[in-house]
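*Asks:* Quick one: the structure is below, questions incoming.
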Amino acid sequence: MTVFLILAGLMVAGALLMLVPPVLKGARREAEQEQAGAALVVLREQLAELEAERAAGRLDVETYANSRDELERRALEEGQAADAAISASKAGPAKGWAAGLAVMVPVLAVVGYLAFGEPEALDPANHVAETGGDFTREQVEQMVGTLVARLENEPDNVEGWSILARTYTMLQDYPKAAAAYEHLAGLLPDNADVITEWADATAASEGSVLGKAEPLVERALAIDPGHPKALAIAGTMAYQRGDFAGAAAQWEKILARIPPGAEMARGVIESVNEARQKAGMAPLAQPGPAAAAAPGPITLNGRLEIAPGLRDRLAADDTVFVFARTAQGGPPVAALRFRGADLPLSFSFEQATMMGSEIPPTVTLGARVAKGGTAAAGAGDLEGAIEDVAIDASGVSLVIDRVRE
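Each residue of the sequence shown is one higher than the one before, counting from 962 in the working numbering.
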């Protein structure tokens, strides 16, 4: 495990939470696209819901950190699965650029919306229809150029500058990415994520983490001492200076933000031990095997209905989620998606999008009519739930019988 892999793993985990899985031209099956898409869309929306709960003061620091770590782990797993499908469906020398652009499709859709002010630009399918599924670099740069022109007249547009900075990073135009993050940091001076990305882009632009990036990393850690990516870069700085004990100390702090049994934790420990060995220190012990997963796959099935008094609130095009979560709460471990027109309906979790590697023997079964169309719960949603349901239960009757306040 090299020093680079710590940074790469952390950057992938963070980035995947912002992206809908890509659409590529080729032989990739529609079912695979839908499954990966549903998983990452739900995970992204769960992250937004988690942030809202934290902002409202309903989550303590430990619960928030553990829940976010779990979402990042799931997003990384889904992203790796999507990448594997992409790799299997593409071949030839253009594969790298095509795959890279495919990952950028959702971001470019937002770039298009911000640049042209057209809601249709938010739909990746429109871009695929127009371009056959691939963008040329010239098309990407033209879209970015239009966004830059718009932002010259909107210097306080946080969303626009954030998208521009991330897009420059994906295009590997690091000097421009660093400049965009510097501007964004002026708008969000106390945001550790922005300061860390500015440091990362600056280091990439200069070809070294030593130099202008150092005070930026120190600034990010002053805001958030446990920021994983800032700690990763700080450790790399110490490592390159020959301060191997300091590098190990910084990287060890990352472990507090990673579930002990996660593969990423094992990788971080390997890098920590590489630094500790060079410093003449004893190695850290690797964690033991992960705890046993669920006793079996979730095969829960049944019938979903809506209470008569709520039927007039249901629209045919409403989004309906049926989900299973642990008794302790937190993000769902599995979910199904339907339309209001499907109700009443039969459901089976054998076709569900799985969002957790460990499923307990019993779960809380819930359903929600999402009036906002997203997995994030909101006032006015229609809900119903049953607690302590076996994951292999059959013929369960679930009723949507209340309105979320």
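The beta-carbon is built from N, C-alpha and C at its ideal position, and this holds for glycine as well.
#1: Report the partner residues of Ala1331 according to the DSSP bridge assignment.
#2: Let me know the secondary structure DSSP gives Pro1080 once reduced to three states.
#3: Between the C-alpha atoms of Thr1157 and Ala1354, what's the straight-line distance to the nearest angstrom?
#4: Here's the rule I'm using: 16 or more other beta-carbon atoms within 10 Å means buried, otherwise exposed. How should Ala1153 be labelled?
#5: Do you know how far the Cα of Tyr1200 is from the Cα of Arg1180?
#6: Terminal residues of the continuous beta strand (DSSP E) containing Asp1349?
#7: Compute the Euclidean distance between the alpha carbons of Thr1128 and Ser1166, then round it to the nearest angstrom.
#8: Got a sec? Which residues, its chain only, sit under 7 Å from Ser1123 by beta carbon, not counting five neighbours each side?
#9: Can you grab the Cα-Cα spacing for the pair Ser1169 / Val1155, in whole Å?
#10: Measure the CB-CB distance between Ala1191 and Asp1185 and report whether it falls below 9 Å.
#11: Near Gly1339, which residues of its chain fall below 6 Å by C-beta distance, leaving aside the five closest residues on each side in sequence?
#12: Any idea if Val1294 is buried or exposed, counting beta-carbon neighbours within 10 angstroms, 16 or more meaning buried?
#13: Give the DSSP-derived three-state secondary structure of Val1360 in the structure shown.
#14: Excluding five sequence neighbours on each side, which residues of the same chain lie with their C-beta closer than 7 Å to the C-beta of Gly1187?
#15: Kindly indicate which three-state DSSP category Thr1260 falls into: helix, strand or coil?
#16: Please name the residue or residues paired with Leu1245 in a DSSP beta bridge.
#17: List the residues that DSSP assigns as beta-bridge partners of Phe1205.
#18: Evaluate Arg1272 with the Cβ neighbour count: other Cβ atoms within 10 Å of its Cβ, from every protein chain shown; 16 or more gives buried, anything less gives exposed.
#19: So, is Ala1141 buried or exposed, given that buried needs 16 or more other C-beta atoms within 10 angstroms?
#20: In whole angstroms, what separates the C-alpha of Asp1204 from that of Ala1240?
#21: Could you tell me whether the stretch 1229–1240 touches the stretch 1262–1279, where touching means 3 or more Cβ pairs closer than 8 Å?
#22: Can you check DSSP and say which residues form a bridge with Glu1266?
#23: Taking the DSSP output, what are the residues bridged to Phe1299?
#24: Starting from Leu1177, trace the alpha helix (DSSP H) in both directions and tell me its first and last residue.
#25: What's the call for Gln1238, buried or exposed, on a 16-neighbour Cβ count within 10 Å?
#26: Just tell me which of Asp1151, Ala1302, Thr1323, Ala1210 has its CA closest to the CA of Ala1285.
#27: If I'm right that Ala1328 touches Gly1341 with Cβ under 8 Å, what's the distance once you round it to whole angstroms?
#28: Evaluate Leu1171 with the Cβ neighbour count: other Cβ atoms within 10 Å of its Cβ, from every protein chain shown; 16 or more gives buried, anything less gives exposed.
#29: Can you give me the C-alpha to C-alpha distance between Thr1314 and Asn1114, rounded to a whole angstrom?
#30: Could you tell me which whole alpha helix (DSSP H) segments of length 4 or greater appear in the stretch 1103–1150?
#31: Would you mind stating whether Ala1164 and Ala1174 have Cβ atoms separated by less than 9 Å?
#32: Taking Cβ positions, are Leu1326 and Glu1311 nearer each other than 9 Å?
#33: Where does Val1324 fall in DSSP's three states?
#34: With DSSP collapsed to three states, give me the class of Leu1304.
#35: Using a Cβ-Cβ cutoff of less than 6 Å, which residues in the same chain neighbour Pro1305 once the five nearest sequence positions on both sides are dropped?
#36: Assign Gly1121 to one of two classes, buried (16 or more other C-beta atoms within 10 Å of its C-beta) or exposed (fewer than that).
*Replies:* Considering the structure as presented:
#1: The residue you call residue 1331 lines up with position 370 of the sequence shown. DSSP, once it has assigned bridges, lists Thr1280 as partnering Ala1331.
#2: In the sequence shown, the residue the question calls residue 1080 occupies position 119. The predicted position of Pro1080 is uncertain, since its pLDDT is 35 and thus under 50; a value taken from the coordinates is nonetheless stated next. It is helical.
#3: For the purposes of this step, residue 1157 is taken as residue 196 along the sequence shown, with counting starting at 1. For the purposes of this step, residue 1354 is taken as residue 393 along the sequence shown, with counting starting at 1. Whole-angstrom Cα-Cα distance: 47 Å.
#4: Position 192 of the sequence shown, counted from the first residue, corresponds to residue 1153. Looking at its Cβ environment, which holds 16 or more other Cβ atoms inside 10 Å, Ala1153 is buried.
#5: Against the sequence shown, residue 1180 aligns to sequence position 219. Against the sequence shown, residue 1200 aligns to sequence position 239. Roughly 19 Å separates the two Cα atoms.
#6: Along the sequence shown, read from residue 1 onward, the residue named residue 1349 stands at position 388. It spans 1343–1351 - the beta strand (DSSP E) in which Asp1349 sits, taken as one unbroken run.
#7: Residue 1128 sits at position 167 when you count from the first residue of the sequence shown. Residue 1166 sits at position 205 when you count from the first residue of the sequence shown. Going from the Cα of Thr1128 to the Cα of Ser1166 covers about 15 Å.
#8: If you number the sequence shown from 1, residue 1123 lands on position 162. Cβ within range, chain order: Leu1145.
#9: To locate residue 1169, count along the sequence shown from 1; it is residue 208. To locate residue 1155, count along the sequence shown from 1; it is residue 194. If you take the alpha carbons of Ser1169 and Val1155, they lie about 19 Å apart.
#10: Working through the sequence shown from its first residue, we reach residue 1191 at position 230. Working through the sequence shown from its first residue, we reach residue 1185 at position 224. Yes, the pair counts as a contact, with Cβ atoms nearer than the cut-off.
#11: Here residue 1339 is taken as the residue at index 378 of the sequence shown, counted from 1. For Gly1339, where only same-chain residues beyond five positions count, the Cβ hits under 6 Å are Gly1333.
#12: Looking up residue 1294 in the sequence shown gives position 333. The residue in question, Val1294, is buried, as its Cβ has 16 or more Cβ neighbours within 10 Å.
#13: As a working mapping, residue 1360 is identified with position 399 in the sequence shown. Val1360 falls in the strand class under three-state DSSP.
#14: Against the sequence shown, residue 1187 aligns to sequence position 226. Same-chain partners within the cutoff: Lys1214, Ala1217, Arg1218.
#15: Residue numbering aside, residue 1260 sits at position 299 when the sequence shown is read from its first letter. Three-state result, Thr1260: coil.
#16: Reading the sequence shown from its first residue, position 284 is the one you call residue 1245. Paired residue(s): none; Leu1245 is not in a bridge.
#17: Here residue 1205 refers to the residue found at position 244 when the sequence shown is read from its first residue. The partner list for Phe1205 (beta bridge, DSSP) is empty, contrary to what the question assumes.
#18: Reading the sequence shown from its first residue, position 311 is the one you call residue 1272. So Arg1272 counts as exposed.
#19: Position 180 of the sequence shown, counted from the start, is the residue given in the question as residue 1141. Classification of Ala1141: buried, given that the 10 Å Cβ count is 16 or more.
#20: Position 243 of the sequence shown, counted from the first residue, corresponds to residue 1204. Position 279 of the sequence shown, counted from the first residue, corresponds to residue 1240. When rounded, the distance between both Cα atoms is 8 Å.
#21: no
#22: Within the sequence shown, the letter at position 305 stands for residue 1266. BP columns for Glu1266 point to Val1360.
#23: Counting from 1 along the sequence shown, the entry for residue 1299 is found at position 338. Val1281, per the DSSP bridge assignment.
#24: Walking along the sequence shown from the start, residue 1177 turns up at place 216. Here the alpha helix (DSSP H) through Leu1177 covers 1174–1184.
#25: As a first step, residue 1238 is located in the sequence shown; it is residue number 277 there, counting from the start. With fewer than 16 Cβ atoms within 10 Å of its Cβ, Gln1238 is classed as exposed.
#26: For the purposes of this step, residue 1285 is taken as residue 324 along the sequence shown, with counting starting at 1. Checking every option, the nearest Cα to that of Ala1285 belongs to Thr1323.
#27: As a first step, residue 1328 is located in the sequence shown; it is residue number 367 there, counting from the start. As a first step, residue 1341 is located in the sequence shown; it is residue number 380 there, counting from the start. About 15 Å; that fails the 8 Å criterion.
#28: Translated into the one-based positions of the sequence shown, residue 1171 becomes position 210. Answer is exposed; the Cβ neighbour count stays below 16.
#29: Your numbering for residue 1314 matches position 353 in the sequence shown. Your numbering for residue 1114 matches position 153 in the sequence shown. For Thr1314 and Asn1114, the distance between alpha carbons rounds to 43 Å.
#30: 1119–1131, 1135–1148
#31: Within the sequence shown, residue 1164 is the residue found at index 203, counting from 1. Within the sequence shown, residue 1174 is the residue found at index 213, counting from 1. Closer than 9 Å, so yes.
#32: Position 365 of the sequence shown, counting from 1, holds the residue named residue 1326. Position 350 of the sequence shown, counting from 1, holds the residue named residue 1311. No, these two residues do not count as a Cβ contact at 9 Å.
#33: For this step, residue 1324 is matched to residue 363 along the sequence shown. Val1324: strand per DSSP, three-state reduction.
#34: Residue 1304 sits at position 343 when you count from the first residue of the sequence shown. Leu1304 falls in the coil class under three-state DSSP.
#35: Position 344 of the sequence shown, counting from 1, holds the residue named residue 1305. Excluding residues within five positions, the ones whose Cβ falls inside 6 Å are Glu1266.
#36: Along the sequence shown, read from residue 1 onward, the residue named residue 1121 stands at position 160. Buried, because 16 or more other Cβ atoms sit within 10 Å of the Cβ of Gly1121.
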